[in-house]
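*Asks:* Quick note: the sequence shown, position 418, residue 422 per my numbering, numbers continuous. I'd like to ask you about the structure that follows.
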Amino acid sequence: MLGKGTLCFSGLFLTISCLFVYRLILHPLSRFPGPKLAAATKWYEFYYDIVKSPGGQFAKEIERMHDQYGPIVRINPDEIHIRDPLWFDTLYAPNPTQRDKYPPAARMAGLPLGSHGTVEHGIHRKRRVANAPLFSKRAIISDGQNLIQQHVKELIGIFEEHFTEGKPIQLDTVLLAFTTDTLYHYAFDRESGLMSDPKAARSWRNAMVSVAAATPFIKQFPWILRIVRAFPHAVLSYLLPDVSRLLGVHMTMMSLVSEYIATRDDRPRPTEKELQGDSNTKIGLERPPTLFHSIERSALPPHEKSAVRLQQEGTTMLFAGSETTARLLAHTIFHLLDNPDVVQKIKDELLEVMGDDKQIPDLKILEKLPWLTASVRESLRLRAATTSRLPLVSKTTLAYKGWVIPANTPVSMSHPDVLHNPTIYPEPLKFDPERWFNPSEQANRSFVAFGKGTRMCQGMDFAYAEMYITLATLFLRFDLELFETYRGRDIDYVRDCFLAEASPSSQGIRVKVVSNSGKYIN
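Okay, structure coming up:
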């Protein structure tokens, strides 16, 4: 007679065998090309993201799959990945096409009530509309650029201090402090004070690095976040100080929300016209003081304006708008310093448009400068805002080159597959701003650094403004040089941790100030 252990093992073996048979033979995706092991189990993805050194390697394994199997591949039991720049507009189509976000991808950050973590297309669209007044081009031109310039002055002070002391500047840390301070001020009307506190800035940067390294693991086991959050904050601070630092942001954001709600009854209620966002009303023209005001003034129902919803949207906004822009700025500075002839051309064109008062020109003028614009665009092409695949779910079937993808199947594409396509962008890994002086129609259409369609980055214009103003000011005021920073170790994409990560041995992007003109501060 068989023992209980043998029966349990036999039952488990039979269950797993039946699951594998279903996935390989009977599953709706069984006829799609790809490795059989990847189709049978998600442990295949686990191996490449967690086990294979240096981690975060599944994105590169997907590239290998495409090289072997073609432009459409089944990368795990449930998901199809496509590598074809011409099909990007089909998957990430604008309204009225409806695509829900794949729930595991949406909830990876543990902020399901934030716009980034929203699964349903319709709800996501309404939440974006509520946030839109804060990040409109009008708001950035009228208010945003002045606020950015204020924080650039603080940034200049940090550069001057390092110049006086003869110390290299760790751009990753300093620029993250800058973008966090700037966004915190703009979106929440509060000072985070990271630029004035180097120790806090380093702690914030270390926390971001730690979470990035853990992202592949969290992607495989998203439930781990619930366990971590269950720990008392004091215990978590001792066991996982970097994680505790990030979770502290959630607590700080809830304090801001509580403060906002406490004064809600003292503010005049928006009229029905204002709730509908009528552009002829004063409230429709002015930038809302904070993200919370923007949401409150929107036509969202009351439950979408709850404290938890505001807290998660605010946390989402802070995380999404600080680290990405800081990285883009740091990488742009690297590529420019690695191409000093381009730096000189940018300086020359800036000096041509400077007024007699030698002030940094208005954002509208900066955006028209060919070398500055081309350099920003080229850096964004080389280093997209995200490297992870972005799976969406269509409620109807999708067609790709004779393949019919069943409805409700998660389908993904990856930004680097488009931005680094050698047919569209010859020598795709070369920093070549001149490619944007007379780009092809396809090159412009395939510029998806901030995504496309209804899920594209909402803070794109704010990020552009930060980049234009910061780069113009720094390169006019200072002569910089790279300090022990190398592209292969410190720049190139080695690991996919949602954002592109360099080698674990990287020391970060570091520069030294060679000279300081003492000019050009607004």
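A virtual CB, placed ideally from N, CA and C, is assigned to each residue, including glycine. This structure is a prediction, so every number in the text was calculated from the model and none was measured.
On the DSSP bridge assignment, give the partners of Ser519 in chain order.
*Replies:* Paired residues: Asp483.
*Asks:* Using only CA atoms, which one of Asp366, Lys203 and Ser398 lies nearest to Thr413?
*Replies:* Taking only the C-alpha atoms, the option nearest Thr413 is Ser398.
*Asks:* Ordered along the chain, which non-local residues of its own chain (more than five positions away) have a Cβ less than 6 Å from that of Met258?
*Replies:* The residues are Gln315.
*Asks:* Tell whether a beta-carbon distance below 9 Å holds between Leu394 and Ser416.
*Replies:* A contact, by the Cβ cut-off of 9 Å.
*Asks:* If you pair each beta-carbon of the region 92 to 109 with each one of the region 64 to 80, do three or more pairs fall below 8 Å?
*Replies:* The answer is no - the region 64 to 80 does not touch the region 92 to 109, with fewer than three Cβ pairs under 8 Å.
*Asks:* If we require 4 or more residues per run, which alpha helix (DSSP H) segments fall completely within the region 24 to 59?
*Replies:* Runs of the alpha helix (DSSP H) inside the region 24 to 59: 40 to 44 and 47 to 50.
*Asks:* Give, in chain order, every unbroken run of the alpha helix (DSSP H) that is at least 4 residues long and sits entirely within the region 190 to 250.
*Replies:* Whole alpha helix (DSSP H) segments, 4+ residues: 202 to 224, 228 to 234 and 237 to 243.
*Asks:* Looking at the secondary structure, which residues open and close the beta strand (DSSP E) in which Ser416 lies?
*Replies:* Residues Pro414 to Ser416.
*Asks:* Helix, strand or coil: which one does DSSP assign to Gln174?
*Replies:* Three-state result, Gln174: strand.
*Asks:* Please report the distance separating the alpha-carbon of Arg87 from that of Cys12.
*Replies:* Straight-line Cα distance between these residues: approximately 43 Å.
*Asks:* Can you tell me whether DSSP reads Ser450 as helix, strand or coil?
*Replies:* Residue state, collapsed to three classes: coil.
*Asks:* Per DSSP, which residues does Tyr404 bridge with? Please list them.
*Replies:* BP columns for Tyr404 point to Trp407.
*Asks:* Ala469 to Arg142, Cα distance in whole Å?
*Replies:* The alpha-carbon atoms of Ala469 and Arg142 are separated by roughly 12 Å.
*Asks:* Could you please give the first and the last residue of the uninterrupted alpha helix (DSSP H) stretch that includes Ala134?
*Replies:* Residues His125 to Asn135.
*Asks:* What are the boundary residues of the alpha helix (DSSP H) that includes His85?
*Replies:* Looking at the DSSP string, His85 is not in any alpha helix (DSSP H); the run it does join, the beta strand (DSSP E), is Ile84 to Ile86.
*Asks:* By the three-class DSSP mapping on this structure, what secondary structure does Arg291 have?
*Replies:* Looking at Arg291 - three-state DSSP - the assignment turns out to be coil, as it is neither helix nor strand.
*Asks:* Whether or not the region 164 to 173 and the region 320 to 335 are in contact is what I'm after, with contact meaning three or more pairs of Cβ atoms, one per stretch, closer than 8 Å; do they touch?
*Replies:* Output reads no: the region 164 to 173 does not touch the region 320 to 335.
*Asks:* How long is the line joining the alpha carbons of Cys461 and Tyr26, rounded to whole angstroms?
*Replies:* The alpha-carbon atoms of Cys461 and Tyr26 are separated by roughly 38 Å.
*Asks:* According to DSSP, Lys105 sits in a beta bridge with which residue or residues?
*Replies:* Paired residue(s): Leu396.
*Asks:* How long is the line joining the alpha carbons of His335 and Ser14, rounded to whole angstroms?
*Replies:* C-alpha separation (whole angstroms): 55 Å.
*Asks:* Comparing C-alpha positions only, which one of Lys349, Pro220, Ala44 and Ala447 sits nearest to Phe62?
*Replies:* Nearest option by C-alpha distance: Pro220.
*Asks:* Using 9 Å as the threshold, is the C-beta distance between Ala191 and Val247 below it?
*Replies:* It is not a contact, given that the beta carbons lie outside the stated cut-off.
*Asks:* Does DSSP put Asp500 in a helix, a strand or coil?
*Replies:* DSSP places Asp500 in strand when its eight states are reduced to three.
*Asks:* What's the call for Asp352, buried or exposed, on a 16-neighbour Cβ count within 10 Å?
*Replies:* Burial call: exposed.
*Asks:* Taking three-plus beta-carbon pairs below 8 Å as touching, is the region 422 to 442 in contact with the region 114 to 131?
*Replies:* No, they do not touch.
*Asks:* Quick one, are the C-beta atoms of His189 and Leu151 less than 9 Å apart?
*Replies:* Cβ atoms of His189 and Leu151: closer than 9 Å.
*Asks:* Would you kindly report the start and end of the unbroken alpha helix (DSSP H) that includes Ile337?
*Replies:* Ala311 to Leu341 is the extent of the alpha helix (DSSP H) around Ile337.
*Asks:* Can you name, in chain order, every residue of its own chain whose Cβ lies under 7 Å from the Cβ of Leu295, other than the five neighbours on each side?
*Replies:* Result list for Leu295: Asn135, Leu138, Ala191, Phe192, Glu317, Gly318 and Met321, in chain order.
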